[in-house]
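Heads up: the sequence shown runs through residues 2 to 165, numbered per the numbering used here.
We put the beta carbon where it would ideally sit given N, CA and C, even for glycine.
Small disclaimer: the values here were computed from a predicted structure and weren't measured.
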Amino acid sequence: MTEAPATDPRTEKGLIPRIRRLGELKLFARKTADAGPWETIAWWEARRIPYNLLVGATGLVSGAMCLITGILCEHFLGQPIGIPDPPIFALLGVAAYGVMANLCYTGGWMAELLVQKIWPGKGNEFGRISFSLGLGFSILLTLVPGILFTALGALSLLGHFVGK
Numbered sequence: 002m003t004e005a006p007a008t009d010p011r012t013e014k015g016l017i018p019r020i021r022r023l024g025e026l027k028l029f030a031r032k033t034a035d036a037g038p039w040e041t042i043a044w045w046e047a048r049r050i051p052y053n054l055l056v057g058a059t060g061l062v063s064g065a066m067c068l069i070t071g072i073l074c075e076h077f078l079g080q081p082i083g084i085p086d087p088p089i090f091a092l093l094g095v096a097a098y099g100v101m102a103n104l105c106y107t108g109g110w111m112a113e114l115l116v117q118k119i120w121p122g123k124g125n126e127f128g129r130i131s132f133s134l135g136l137g138f139s140i141l142l143t144l145v146p147g148i149l150f151t152a153l154g155a156l157s158l159l160g161h162f163v164g165k
């Protein structure tokens with residue numbers, strides 16, 4: 002009987018192996034033992050700027066999608082779908098979103114400290130997983146307005162051109 006050859010996770014195809022490879026990046030790296038409270042907070046805070054840069058870059062993409070949709074719909078339909086009236090509301094919404102995202106981010110290290118108290122030895126694993134999932138969720142949530150307004154604008158434009 003021969004054993005199946007071990008596969009190298011770096012060469013595996015599919016979504017799950019790719020997600021696992023992301024977990025090997027320095028951004029997600031973590032010691033195996035639970036850190037103390039200050040080390041835990043420091044680990045999270047060292048990742049706040051990359052988190053904000055990634056979510057912010059995603060926001061730029063989402064905002065650009067809304068802006069392009071709004072410009073096209075204004076030109077063809079006379080209605081800027083995806084652009085608030087007055088446009089200053091968009092800037093206020095972005096600022097409020099940034100504050101709320103960072104409040105939720107702070108909840109990440111607070112939850113990890115709680116897990117360290119309740120389940121000793123599980124905090125670092127929880128922190129790494131919650132940071133990864135929180136970042137992914139934040140990126141997806143940030144894309145929602147761009148996707149929704151682009152879809153709504155595309156459907157409106159399609160209805161306009163097909164209805165002619």
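For the pair A97 and G109, the Cα-to-Cα distance works out to about 19 angstroms. Every alpha helix (DSSP H) stretch that sits fully inside the stretch 64 to 121 and reaches 4 residues is listed by chain position as 89 to 119. In the structure shown, L26 falls within a coil segment according to DSSP collapsed to helix, strand and coil. Contact check for G122 and D35: beta-carbon distance about 6 angstroms, within the 8 angstroms limit, so the pair qualifies. Between the alpha carbons of L104 and V95 lies a distance of about 14 angstroms. When only Cα atoms are considered, V62 and F90 end up about 18 angstroms apart.
Taking one beta carbon from each stretch, the stretch 111 to 126 and the stretch 36 to 53 have 3 or more pairs nearer than 8 angstroms; the two touch. Sequence-distant Cβ neighbours of R129 in its own chain, meaning closer than 7 angstroms and more than five residues away, are F29, R31. Contact between L78 and L158 holds, with the beta-carbon distance rounding to 7 angstroms and staying under 8 angstroms. Taking a contact to require three or more Cβ pairs closer than 8 angstroms, the stretch 73 to 88 and the stretch 53 to 62 do not qualify as touching.
With 16 or more neighbouring CB atoms inside 10 Å of its own CB, F150 falls in the buried class.
Annotated three-state conformation of R49 is helix, per DSSP. The Cβ atoms of A102 and S131 lie no closer than 8 angstroms to each other.
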